[in-house]
Amino acid sequence: MDETTLTFYRQNAEAYAGWAKAPSTRLKSFLALLPSGGSILELGCGAGNHSAVMLAEGFSVRATDGSPEMAAIASQRLGHPVEAMRFDQLDAQEAYDGVWASACLLHVPRDELAGILARIYRALRPSGVFYASFKMGEEDGRDSLGRYYSYISPEWLEATYASAGAWIKLSSDTNVIQSFDQTPASMLNLVVRRPA
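Under our numbering, the first residue of the sequence shown is numbered 15, with each subsequent residue one higher.
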């Protein structure tokens with residue numbers, strides 16, 4: 015994790031939590047791919063909006079965020095434990111039916127992403143499902159708030175995923191969002207499965 019980016023979220027946790035948008039419309043279809051009451055790891059949970067839906071639907075949720083301050087806010091909102099954990103601290107082995115990483119892995123430096131994806135692959139059970147969203151582009155960069163992003167192309171991302179595990183691609187789509195700094199961003203949403 016880029017330290018400047020992590021510092022931003024630590025120092026602005028309250029403001030970011032207050033801005034946090036409604037849960038992704040993609041969450042319902044993700045949950046439909048999992049066994050009833052299955053185990054989900056959420057990476058970069060932010061204010062906990064997605065975890066709240068997962069818990070309400072009866073799933074077993076391990077919610078995590080790289081910012082201890084954000085994790086504390088989410089835990090209080092959810093009435094559920096939220097761990098402060100960076101992506102590179104994930105060391106679980108075949109523990110989850112699903113991993114949800116909405117708009118968080120886009121902060122991982124390009125040369126570190128394959129390693130993080132390999133950790134996620136190992137953490138999933140056979141047939142486990144993984145959702146992640148990324149900002150599209152061709153180069154690394156920072157937004158007006160100093161947050162680091164690895165802007166990626168679909169081709170680059172597909173090759174990086176392939177280097178980290180034998181993923182089965184389930185779906186891929188794009189959309190445009192408005193970022194926290196009020197600028198539009200083109201997003202790539204990818205759902206993959208670990209083979210049975």
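Even glycine gets a Cβ: it sits at the ideal position worked out from N, Cα and C. The structure displayed is predicted, hence computed values, not measured ones.
Residue i: first and last residue of the uninterrupted beta strand (DSSP E) it sits in
i: residue 114; result: 110 to 115
i: residue 53; result: 53 to 56
i: residue 97; result: 96 to 98
Residue environment, residue i, which counts as buried when at least 16 other CB atoms sit within 10 Å
i: residue 210; result: exposed
i: residue 102; result: exposed
i: residue 182; result: exposed
i: residue 19; result: buried
Closest Cα partner of residue i within the set the options
i: residue 42; options: 29, 67, 21; result: 67
i: residue 193; options: 149, 174, 98; result: 149
i: residue 154; options: 78, 121, 84; result: 121
i: residue 199; options: 78, 17, 115, 151; result: 151
i: residue 106; options: 127, 123, 82, 131; result: 131
Which residues DSSP lists as bridging residue i, in chain order
i: residue 188; result: 202
i: residue 148; result: 202
i: residue 138; result: 110
i: residue 155; result: 163
Boundaries of the alpha helix (DSSP H) in which residue i is found, first to last residue
i: residue 44; result: 41 to 46
i: residue 83; result: 82 to 92
i: residue 163; result: Run containing residue 163: none in the alpha helix (DSSP H); it sits in the beta strand (DSSP E), 162 to 164.
i: residue 21; result: 17 to 25
Same chain only: Cβ atoms within 6 Å of residue i, ignoring 5 sequence neighbours per side
i: residue 118; result: 57, 58
i: residue 185; result: 205
i: residue 189; result: 201
Cut-off 7 Å between Cβ atoms - residues of its own chain near residue i, not counting five sequence neighbours on either side
i: residue 89; result: 95, 96
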